[in-house]
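**Q** Supplied in structure tokens, the structure appears directly below.
Residue numbers (this note's numbering): 41 to 326.
Pasting the structure below:
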């Protein structure tokens, strides 16, 4: 997989590898298109309802639910209610490895580092109930500045994985299916070429399907139609450019695949409830 598909949010630093993102609906909406990252992502639902597509499985998250996204797993999220709020804990699993090899490192941590094992995506209610206190404490330590805070964060993450193993939620990985490889390729292609004209005809030719069949195939496996997904990809790319560069609206629109800056600004305002300029200003003022 190429780097173009990776999550564009800034992650942790070498000294503090964990990053917590507070994801709240802007203008009542969260829309994160299919993407992947090298890091682990743990989602903890706070309020409202969230639709999650992880690989080809659709989940509906509600308050108290915990979801686990393994490295390199395609996933996307959409809020289903205006009050949707969740915390995303993102970190490289290798951070938890020990320098000295022992049973814990070799038997329990290494399989997850090498991705020969994986955690199931939706934690059962009992497991969520047993682990939520760890996430609460991690979030509290993350926001604080007490001595040894990061030691406490790391210790609680290890306890979190102890519960996952105890409850039998860590599984040996099978070979990736041909189907999943194709979905990764489609998503990758759209991410890499979102600044260009993308049509059902072009994608159908690229992946050896008729436009009509590709449309049906896409809707079935991505749980949304081609046009909606493409627009979400373009808006995500535009948001990244707004926050990570000083590019003007014309260039942001062009590099994100919008036909004009006026069309880009209109769609952005309709979707997010603010102009691109307001979005950039609000981010840098927080």
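Think of the CB as a built atom: it goes at the ideal place given N, C-alpha and C, for glycine as much as any other residue.
This one's a predicted model, so the numbers in the text were calculated from it and none came from an experiment.
Rounded to the nearest angstrom, how far is the Cβ of residue 136 from that of residue 167, given a contact under 8 Å?
**A** That belief does not hold up - the Cβ atoms of residue 136 and residue 167 are roughly 18 Å apart, past 8 Å.
**Q** From this set, 71, 61, 60 and 97, which residue's C-alpha is nearest residue 223's C-alpha?
**A** Checked all of 71, 61, 60 and 97; the closest Cα to residue 223 is 97.
**Q** Taking just the CA atoms, how far does residue 140 sit from residue 279?
**A** Between residue 279 and residue 140, the C-alpha separation is close to 42 Å.
**Q** Would you report the Cα separation of residue 159 and residue 303, rounded to the nearest angstrom?
**A** Computed Cα separation, rounded: 42 Å.
**Q** Would you mind working out which of 99, 138 and 188 sits nearest residue 120, comparing C-alpha positions?
**A** It is 99.
**Q** I want to know whether the region 122-129 touches the region 74-92 - three or more CB-CB distances under 8 Å.
**A** Because the criterion of three Cβ pairs below 8 Å is met, the region 122-129 and the region 74-92 touch.
**Q** Confirm, please, whether the CB-CB distance from residue 276 to residue 73 is below 8 Å.
**A** Contact flag set, yes.
**Q** Could you pull the start and end residues of the beta strand (DSSP E) that residue 137 belongs to?
**A** Taken as a continuous stretch (DSSP letters only), residue 137 belongs to no beta strand (DSSP E), as it is neither H nor E.
**Q** Can you pull the DSSP bridge partners for residue 211?
**A** According to DSSP, which records beta bridges pairwise, residue 211 is partnered with 158.
**Q** Out of 271, 118, 75 and 230, state which residue places its alpha-carbon closest to the alpha-carbon of residue 109.
**A** Residue 109 has its Cα closest to that of 75, out of 271, 118, 75 and 230.
**Q** Am I right that residue 89 and residue 101 are in contact with their C-beta atoms under 8 Å? What's the rounded C-beta distance?
**A** Yes, residue 89 and residue 101 are in contact; Cβ-Cβ is about 7 Å, under 8 Å.
**Q** Determine which residues share a DSSP beta bridge with residue 302 and list them.
**A** BP columns for residue 302 are empty, so no partner.
**Q** Check whether the region 197-206 touches the region 226-245, counting contact only when three or more Cβ pairs, one atom from each stretch, lie closer than 8 Å.
**A** No, because fewer than three Cβ pairs between the region 197-206 and the region 226-245 fall closer than 8 Å, the two stretches do not touch.
**Q** Along the chain, which unbroken stretches of the alpha helix (DSSP H) at least 4 residues long are found entirely within the region 248-290?
**A** Complete alpha helix (DSSP H) runs here, min 4: 251-262 and 266-284.
**Q** Using the rule of at least 16 other Cβ atoms within 10 Å of the residue's Cβ for burial, across every protein chain shown, is residue 358 buried or exposed?
**A** There is simply no residue 358 to check, as the chain begins at 41 and stops at 326 in what is shown.
**Q** If residue 181 sits next to residue 189, beta carbons under 8 Å apart, how far is it from one beta carbon to the other, in whole angstroms?
**A** Rounded, the Cβ-Cβ distance is 4 Å, consistent with contact.
**Q** Once DSSP output is grouped into helix, strand and coil, what is the label at residue 127?
**A** Note: residue 127 maps to strand in three-state DSSP.
**Q** Which residue's Cα is closest to the Cα of residue 57: 305, 191, 274 and 315?
**A** Answer by Cα proximity: 191.
**Q** I'd like the ranges of any beta strand (DSSP E) spanning at least 3 consecutive residues and lying wholly in the region 54-130.
**A** Entirely contained in the region 54-130, the beta strand (DSSP E) runs reaching 3 residues are, in chain order, 59-64, 71-75, 80-87, 90-94, 97-101, 106-109 and 115-119.
**Q** Report yes if the CB atom of residue 112 is closer than 8 Å to the CB atom of residue 78, and no otherwise.
**A** The answer is yes: Cβ separation under 8 Å.
**Q** Do you know offhand how far residue 106's Cα is from residue 114's?
**A** For residue 106 and residue 114, the distance between alpha carbons rounds to 17 Å.
**Q** From residue 42 to residue 231, what does the alpha carbon distance come to, in whole angstroms?
**A** Its pLDDT being 32, under 50, residue 42 is placed unreliably in this model, and the coordinates cannot settle the point.
**Q** Look at the Cβ atom of residue 205, then the Cβ atom of residue 253, and state whether they are nearer than 8 Å.
**A** Against a cut-off of 8 Å, the Cβ pair of residue 253 and residue 205 comes out as no contact.
**Q** Mind checking whether residue 283 and residue 323 have CB atoms under 8 Å apart?
**A** The answer is yes: Cβ separation under 8 Å.
**Q** Pick helix, strand or coil for residue 188, following the three-state DSSP scheme.
**A** Reduced to three states, the DSSP call for residue 188 is coil.
**Q** Please list, in chain order, all residues of the same chain as residue 116 whose beta carbon is under 6 Å from its beta carbon, the five residues on each side excluded.
**A** Excluding sequence neighbours, residue 116 sits near 72, 73, 74 and 93.
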